[in-house]
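Report on the following structure.
4 protein chains.
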Amino acid sequence: MSAKAWGGAFSEATDPRVELFTESISFDARLALVDIRGSQAHAKMLAKVGLLTNEEAQQIIDHLNEIGQQITRGEFEWKTELEDIHMHIETALIARIGDVGRKLHTGRSRNDQVSLDLKLYVREALQRIDEALEDLQRAFVDRYEQDREIILPGYTHLQRAQPVMAAHYWLAYCEKFQRDRDRLRDCSKRLNVLPLGAAALAGTSLPIDREETARLLNFTDVAANSLDVSSDRDFLAEAIFSMSLIAVHLSGWAEEWILWCTTEFGFLKLPDAYTTGSSIMPQKRNPDVLELIRGKSARVIADVQQILTLLKGLPLAYNRDLQEDKLAFFDAFDTISACLELAPSIVRLAKLRADKINARLEEGFLDATTLMEYLIQHGVPMRTGHEVVGHLVRLCESRGITLAEMPLADFQAVNPLIADDVYGWLGVKNVVAKLQSYGSGGINCIEEQVEEWRTRLRTEG
Amino acid sequence: MSAKAWGGAFSEATDPRVELFTESISFDARLALVDIRGSQAHAKMLAKVGLLTNEEAQQIIDHLNEIGQQITRGEFEWKTELEDIHMHIETALIARIGDVGRKLHTGRSRNDQVSLDLKLYVREALQRIDEALEDLQRAFVDRYEQDREIILPGYTHLQRAQPVMAAHYWLAYCEKFQRDRDRLRDCSKRLNVLPLGAAALAGTSLPIDREETARLLNFTDVAANSLDVSSDRDFLAEAIFSMSLIAVHLSGWAEEWILWCTTEFGFLKLPDAYTTGSSIMPQKRNPDVLELIRGKSARVIADVQQILTLLKGLPLAYNRDLQEDKLAFFDAFDTISACLELAPSIVRLAKLRADKINARLEEGFLDATTLMEYLIQHGVPMRTGHEVVGHLVRLCESRGITLAEMPLADFQAVNPLIADDVYGWLGVKNVVAKLQSYGSGGINCIEEQVEEWRTRLRTEG
Amino acid sequence: MSAKAWGGAFSEATDPRVELFTESISFDARLALVDIRGSQAHAKMLAKVGLLTNEEAQQIIDHLNEIGQQITRGEFEWKTELEDIHMHIETALIARIGDVGRKLHTGRSRNDQVSLDLKLYVREALQRIDEALEDLQRAFVDRYEQDREIILPGYTHLQRAQPVMAAHYWLAYCEKFQRDRDRLRDCSKRLNVLPLGAAALAGTSLPIDREETARLLNFTDVAANSLDVSSDRDFLAEAIFSMSLIAVHLSGWAEEWILWCTTEFGFLKLPDAYTTGSSIMPQKRNPDVLELIRGKSARVIADVQQILTLLKGLPLAYNRDLQEDKLAFFDAFDTISACLELAPSIVRLAKLRADKINARLEEGFLDATTLMEYLIQHGVPMRTGHEVVGHLVRLCESRGITLAEMPLADFQAVNPLIADDVYGWLGVKNVVAKLQSYGSGGINCIEEQVEEWRTRLRTEG
Amino acid sequence: MSAKAWGGAFSEATDPRVELFTESISFDARLALVDIRGSQAHAKMLAKVGLLTNEEAQQIIDHLNEIGQQITRGEFEWKTELEDIHMHIETALIARIGDVGRKLHTGRSRNDQVSLDLKLYVREALQRIDEALEDLQRAFVDRYEQDREIILPGYTHLQRAQPVMAAHYWLAYCEKFQRDRDRLRDCSKRLNVLPLGAAALAGTSLPIDREETARLLNFTDVAANSLDVSSDRDFLAEAIFSMSLIAVHLSGWAEEWILWCTTEFGFLKLPDAYTTGSSIMPQKRNPDVLELIRGKSARVIADVQQILTLLKGLPLAYNRDLQEDKLAFFDAFDTISACLELAPSIVRLAKLRADKINARLEEGFLDATTLMEYLIQHGVPMRTGHEVVGHLVRLCESRGITLAEMPLADFQAVNPLIADDVYGWLGVKNVVAKLQSYGSGGINCIEEQVEEWRTRLRTEG
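Protein chains in written order, with my numbering: chain A, 378 to 838; chain B, 378 to 838; chain C, 378 to 838; chain D, 378 to 838.
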């Protein structure tokens, strides 16, 4: 009982099973270094306003440093009865420096302290995810040279639709991950608002200087309402949601490449080092990493649900339910980090199989839309052109030929505006040469886009 | 069959049950006006680049205006076999102006068209939610005068913790809704990127000018990758998530006020016009609106789940699954809008019951923390002060008195540093006068904060 | 105000926006007929115990019948201010028969009434889903004749693994839907417990006979605790969850067939009547129905989230949040019903393309596992056999041949136990002839299984 | 590479980061003992059909026993590169007994093996949860004696509604947990279907006897389709869902008791051993365990989402995504187990505070409904009675009295049917004596119900 920071008014010891049930040290120990950083800033501020002497503050800072090193070296002992990371570190400090240590918690409570720790931790976590995303973008852009000549079918409804340069796929994912990075950045704006000093829920009668703490910890703003601080986990929900969209993007990419690795598609070969085998079927090479990336997205999506469901219907201010918030965040962060660590290598090492791709590239009338646009250019209204080409496709299907194999006379029988130059619009190579709108999958657009991406990623890196 | 825009290559009519299953007109009809706005901008752009004459463009614009008015007046006939809003409007246009109408769909597909419509719709929807949130903030701030003198218990773990000014509660919710508004604004940045011109998935060989369309529709940027556009629903997921946090904030407020309306708390009285009765129990006055607001948050949370689960594992580019995206968004938007329409009135009309609140305000040792801070100011280390006050609280409990009722001698017996001025720190009135940190619930802080909010809301309004 | 059944203690009229916000008639009108059925049983019971005369009961029953017919004919007027279906029907009854109508609500409240209505409705709904599932199973089993000769690759990790008879796929889905049906049946056990008579939350002092009502409505049991009844929505959560697993099963089947419809797989052709085209690409035939079935599964999954999140953290007994429960159920039910209405036709009308399937059937070493089992039968330990075959597969790959094309000498060079009869184990036809374990995809097992399914479905139908 | 069971066809070693990413041993190690049990049954069956000699089978069984003991003693070394529990145990077996060990995996694959392990594990897990639920029911029922005299307000909309005996609350939770137990039992029916022998996805050509394995492992049935087995995780989804409803029930109970522990309600006192304090506020006693139980329900709800989202859209048969299934189950099971371990003690040790409860028990017109029923008994139509009592309540409110304090003359002025005996229906004590319907909260019903529960729990225990 005496171990508890709050034992004063209690006449009965805590049931050890309750300690086990309520402890968070098994998962919040990873907040140790940010907790120390926050406490050091707090101590400096307390000294500035005279609630500590400079010597006391320095003593606290030094010993916290040592405790931090102890933790980093794995020499710190965790005890369930000390509940959480805050109590562990404060208790260790008091064990070292007695009454001076007993002063550290002046003008704060664990409610604002844990909010601070989380914000510091999440800020760094999002920074690391941002870097991983950039690395992944780089991996996609770097494929440009090796896939330079490769044209792929583009799909809608998983049906072959129109051809695009292979790199058009790579850049599509770069765009998605760029939005993810932008969202992380927006998220940071709300992270960078200092909660410390809200104390339990009402602020304090002590003359603390929250602006100073914010300055020391690189926060851009100070939270303006202590009831809000004590209950606010928006920043976690937003961070987890941002990660869930990253997970969704990764899952789509994984699905696509799993398809491309099938015997049937045959577009892609993963290196043996990134596939695994079967315990029973000797011939198997399975894209397990991609499957797990797809599967793991479900966890991150569920983490969004956990945090939102957790927060729903809680009155002001702090409720102990909030302790579970960390589990959702850590789970999402660890999952996304693991996926993002492997993804760039897979992107870099996978090989497109040009032979397999090209062997069937003219299947599926990928040039039908361009033929329709040829007609539009010759004055045929779009809807009419659409019908004309639909008719031509059926003709080809019945004869088992491609549009490019259709004789000119047959074209002209259907629509006399079609001239000999039509063959310059047919076949996938011609199509990707013709595609010209900004953002299209045509050869010229892709080149420009790759250049832009290179510049952007160079500048950022 | 002939009704279909895409019937050309088909030899068999669609099963009517399939039409019913795949139609979206029953819910995307609400996109009618943004669809028209988008088509008009598209037509202007086509004229600029010469794919339409100016006369053709004007004819299209005028007739679309008329169709829009017809829809607004409820005189437009919806037909399941025309599938979606895009086909309805284009078909009506062609019925009016024939071949010129057939040219409208030049250089675009329904894939980029629906993305455009959604972005236009969501942009306006978020704008409306933002205004509703501002109105709700105003309602909270406006309570300041009437609740000026009222002190409320602040809670953690739903246990009485420290006293705060009533308005501190109101401003806590203002902070939460302000973050919501900031998130909506961030969301808009990604909404304001033009998808149109991505066509089906590959862009087009036609010389369209996407910058021009963006300019006409007030978009700040043009989407750079057509595969991405065709598959991207990030903006919907992000908008729905933003609404889910609004729902969570509303649910917490509703929960709190439901508690406050109980016989046991008795803090709050809702006007009869905002409560309902029981079909069996004649005495009941139920806070149904608040309960439904709390309950409805579950829907919006589930909408986040729907959109993320929907998107998970879809390969590039457009897949028909995406049609279901609108249901999630409309559901979330309608739910949040309905809640936000009623919430300000409830906030404005509910009455705090000062008599009931004050009758028990000194229960729960709300001044214990301030007493501890008194000790800290007198040099007692915080942890020691915490223990001392814990001990004093137990003493009071055993005697059935408040801290303010404790004789000085008894205080001094426990800690001789306590002097006669301690009584100026005890009792909730003294506490809220002493609370001074920025963001605290003390009387002075609240006054400043209210002033800031008034300025902010005045400026914005 | 006078319209309200509960207006007695109120001094102020309800805000019309509150009526709009709290009404449920827009979605609970579909409970009309079960509400009437429940009220009729209730009236009979009231007569039995003497709270109504027999004449009164009969009058109520007759007029409720007429009201039901009015509703069925679409001649009943719905009014927002009458809130819900219960008030509409009772009000109409009172309008017809005055004081006798005023007696119907004796000994019940809307809390147990709505629970009864829901249980009656859900009971029928699950029955209909069960029938639809059986129809779908029948459609799969009925494919047996037409696909009798067709062997398909079986996949794990979407990599070709071992061959199975086509019907093995069909029966796999039958198994899944059978479990779904079993779950629905289990669900019914908890549906068939009568809530009526719990009244508001505490039961009643009136001498009602709940056993009698249960008997009249075909319930097998009477709920034993009124607080529980008033708050219980387990049966809805369970029904929605059961539907979510159906949705998941449908989504997997849809995914598979979408893959099979690609140019790359080419296994399956959907009839034109079940595909749709593109507004821009004239050649497209898209499996939209399957995509929507896959996409719609996200809604049903989200409905599970909604109901669980809704229920979380609600104290006893009835809370108005529960009104939202119906939305989750109706949404799930309508979605699943729509999918199950179309699925059997798709199953029946889709054609396997034997030519395309067979053309590549020997790709992917589908016989490797059987070769390993051949070695096991010759005394080679399984793990050793696995390595041997792995080695042989690599050899084949390097030479570009299948295992069946490997000369015997080469087999024997690797393992001398391999004899000439090995060729009877190689090639997919041999493999499906050899597969013999119960539940396997081999030709004989399938035949037996199909027979069993036919019997089972015949008996049930 | 040589460590891999499937390395035969591979020319490149696995990237160690891939091993780390794809390993499951960090969480599936807890399947060790069921994996061994399953393998032993498998070996016995192999001996029965002659694929092993009896000596080989016995050797395998004995060494697996020893390996199991090694694991139980914590002396077994886990290695990431051995991927999962199956490979660890098989590798250890081969290290001990060479070629005999290499034969164990005959006629099975990890796909059916892991399904077996999971079913065995889940079967035991649900059994343990069932026992914990029974213990919790017992704790509620055991409160009957101590709370025998206590009447509590029953609530709807959290507004005081009607009085019920305290034990009526306890039994309401017993009912909910009984349905949970019934669901677990239903779940078991589908668990008890043997997957083993489905092998990878197609069954096997070896003469295995699955009925025998089922018999040895106490399964009641054998799964009939190998493709289904390889992909089926219904049993996990169903088990997790069943736990989510338990979580929801616990969350409602927790919410209720958190409310009852407030200063405002004051109904309940938790023992100090089950509350915790504040690091800053010396007077606090927080119901943290209840709050965490409420909060943890969000995790279990999210686990349902994870498994459903994971399974959505996966084609047949096994996909590696499924590996993530265990995380959802273990998380839900651990969470529920932890909550159920503490809940009975809290139920047993909490004290109702009769003084506080009784002090305000006559507030809120808890007898209004019974008064209405008094009128009904005197022939007043229910709706009329409702209005009359509504009017009387307003009268009382305006005078600040209870119904029991209303003079007879005033009653009769409103309705002359009211006689002197009305006072026997007013006041909460009279009400609970009058409540008589089956399942009501009246004193007699409760007594009977408690007796039934005692019998039921005695018989089961």
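Backbone N, C-alpha and C fix where the C-beta goes; we use that ideal spot for every residue, glycine too.
- What residues from chain C crowd round A:V766, counting only those whose CB sits closer than 7 Å? Residue mapping note: residue 766 of chain A aligns to position 389 of the first sequence, counting from 1. Correct list: P659.
- Message: Looking at the strands, I want to know which residues DSSP matches up with C:T653.
- Response: Here the question's residue 653 of chain C lines up with position 276 in the third sequence. In DSSP, C:T653 forms a bridge with C:N663.
- Message: Output needed for D:H763: all residues of its chain with C-beta closer than 8 Å, excluding positions within five of it in sequence on either side, in chain order.
- Response: Here the question's residue 763 of chain D lines up with position 386 in the fourth sequence. Around D:H763: M749.
- List the residues that DSSP assigns as beta-bridge partners of B:I528. Reading the second sequence from its first residue, position 151 is the one you call residue 528 of chain B. BP columns for B:I528 point to B:M542.
- How many angstroms separate the CA atom of C:A390 from the CA atom of B:G654? Indexing the third sequence from 1 puts residue 390 of chain C at position 13. Indexing the second sequence from 1 puts residue 654 of chain B at position 277. If you take the alpha carbons of C:A390 and B:G654, they lie about 12 Å apart.
- Task: Taking 8 Å as the threshold, find out whether the region 532-546 of chain B comes into contact with the region 818-828 of chain B through three or more Cβ pairs.
- Result: yes
- With a 10 Å radius around its C-beta and 16 neighbouring C-beta atoms as the bar for buried, classify C:R505 as buried or exposed. Stepping through the third sequence from its first residue, residue 505 of chain C is reached at position 128. C:R505 comes out exposed.
- Output, in sequence order along the chain, the residues in the region 721-741 of chain D whose CB is closer than 8 Å to any CB in chain A. S722
- Message: If distances are taken between C-alpha atoms only, which option among B:R556, B:I402 and B:H755 comes closest to B:D461?
- Response: Here residue 461 of chain B is taken as the residue at index 84 of the second sequence, counted from 1. Among B:R556, B:I402 and B:H755, the Cα nearest to that of B:D461 is on B:I402.
- Is C:N663 close to chain A, meaning its C-beta is less than 8 Å from at least one C-beta of that chain? Locating residue 663 of chain C in the third sequence gives position 286, where the first residue counts as 1. Answer yes: the Cβ-Cβ gap between C:N663 and chain A drops below 8 Å somewhere.
- Item | Pick from D:D405, D:D524 and D:F453 that is closest to D:L645, judged by C-alpha positions | As a position in the fourth sequence, residue 645 of chain D is number 268, starting the count at 1. Measuring from the Cα of D:L645, the nearest candidate turns out to be D:D524.
- Query: Where does C:V411 sit, in a helix, a strand or coil, going by DSSP?
  - Reply: In the third sequence, the residue the question calls residue 411 of chain C occupies position 34. Helix at C:V411.
- Query: Buried or exposed: C:P530, going by 16 or more other Cβ atoms within 10 Å of its Cβ?
  - Reply: As a first step, residue 530 of chain C is located in the third sequence; it is residue number 153 there, counting from the start. Counting Cβ neighbours within 10 Å, C:P530 comes out buried, since at least 16 surround it.
- Which runs of the alpha helix (DSSP H) spanning at least 4 residues fall entirely within the region 674-703 of chain B, listed in chain order? none
- Message: By DSSP's criteria, D:D598 is part of a beta bridge. Which residues make up the other side?
- Response: Residue mapping note: residue 598 of chain D aligns to position 221 of the fourth sequence, counting from 1. The partner list for D:D598 (beta bridge, DSSP) reads D:V570.
- Message: With DSSP as the reference, identify every bridge partner of C:R537, one or two as the case may be.
- Response: Looking up residue 537 of chain C in the third sequence gives position 160. Beta-bridge pairing links C:R537 to C:Y532.
- Query: Any contact of the region 601-617 of chain B with the region 803-813 of chain B, i.e. 3+ C-beta pairs under 8 Å?
  - Reply: no
- Listed in chain order, which residues of the region 587-619 of chain A have Cβ atoms closer than 8 Å to some Cβ of chain B? R587, E588, V599, A600, A601, N602, S603, L604, D605, V606, S607, S608, D609, D611, A614, E615 and F618
- Which class does C:L729 belong to by DSSP, given the choice of helix, strand or coil? Residue numbering aside, residue 729 of chain C sits at position 352 when the third sequence is read from its first letter. Strand.
- Task: Reducing DSSP to helix, strand and coil, say where A:K646 ends up.
- Result: Along the first sequence, one-based indexing puts residue 646 of chain A at 269. Strand, per DSSP.
- Message: Considering just the uninterrupted stretch of the alpha helix (DSSP H) at A:K496, what are its terminal residues?
- Response: In the first sequence, residue 496 of chain A corresponds to position 119, counting from 1. Unbroken alpha helix (DSSP H) run through A:K496: R487 to D519.
- alpha helix (DSSP H) segments (min. 4 residues) lying fully within the region 740-774 of chain B: 745-754
- Task: Please work out which residues of its chain come closer than 7 Å, Cβ to Cβ, to A:L627, disregarding the five sequence neighbours upstream and downstream, and give them in chain order.
- Result: The residue given as residue 627 of chain A occupies position 250 in the first sequence. The answer, listed in chain order, is I670, S674, C716 and A720.
- Answer with buried or exposed for C:L785, where buried requires no fewer than 16 other C-beta atoms within 10 angstroms of its C-beta. Along the third sequence, one-based indexing puts residue 785 of chain C at 408. Its Cβ having fewer than 16 others within 10 Å, C:L785 is exposed.
- Query: For D:H465, is the classification buried or exposed, using 16 other Cβ atoms within 10 angstroms of its Cβ as the cut-off for buried?
  - Reply: Numbered from 1 along the fourth sequence, position 88 holds the residue referred to as residue 465 of chain D. That one is buried.
- How should D:K456 be labelled, buried or exposed, when 16 other C-beta atoms within 10 angstroms of its C-beta is the threshold for buried? Within the fourth sequence, residue 456 of chain D is the residue found at index 79, counting from 1. Counting Cβ neighbours within 10 Å, D:K456 comes out exposed, since fewer than 16 surround it.
- Query: According to DSSP, is A:Y550 helix, strand or coil?
  - Reply: As a first step, residue 550 of chain A is located in the first sequence; it is residue number 173 there, counting from the start. Note: A:Y550 maps to helix in three-state DSSP.
- Message: Given this structure, state the Cα-to-Cα distance separating B:N807 from A:S603, to the nearest angstrom.
- Response: Counting from 1 along the second sequence, the entry for residue 807 of chain B is found at position 430. Counting from 1 along the first sequence, the entry for residue 603 of chain A is found at position 226. Approximately 18 Å, taken between the alpha carbons.
- Classification of B:R760 by the beta-carbon crowding that lies within 10 angstroms, buried from 16 upward: The residue you call residue 760 of chain B lines up with position 383 of the second sequence. Buried: at least 16 other Cβ atoms inside 10 Å.
- Query: Expressed to the nearest angstrom, what Euclidean distance is found between the alpha-carbon atoms of D:G629 and A:R567?
  - Reply: Indexing the fourth sequence from 1 puts residue 629 of chain D at position 252. Indexing the first sequence from 1 puts residue 567 of chain A at position 190. Computed Cα separation, rounded: 33 Å.
- Message: Report the CB separation of B:L410 from B:G445 in whole angstroms; it is logged as a contact under 8 Å.
- Response: Locating residue 410 of chain B in the second sequence gives position 33, where the first residue counts as 1. Locating residue 445 of chain B in the second sequence gives position 68, where the first residue counts as 1. So it is a contact: roughly 6 Å between Cβ atoms.
- Query: Which of helix, strand or coil does DSSP assign to C:D392?
  - Reply: In the third sequence, the residue the question calls residue 392 of chain C occupies position 15. Coil.
- Task: Establish whether the CB of A:L780 and some CB of chain B are separated by less than 8 Å.
- Result: Working through the first sequence from its first residue, we reach residue 780 of chain A at position 403. Closer than 8 Å: no.
- Task: For A:D412, collect the residues of the same chain with a Cβ closer than 7 Å to its Cβ; drop the 5 residues on either side in sequence, then sort them by chain order.
- Result: The residue given as residue 412 of chain A occupies position 35 in the first sequence. Contacts found: I462, H463, I466 and D494.
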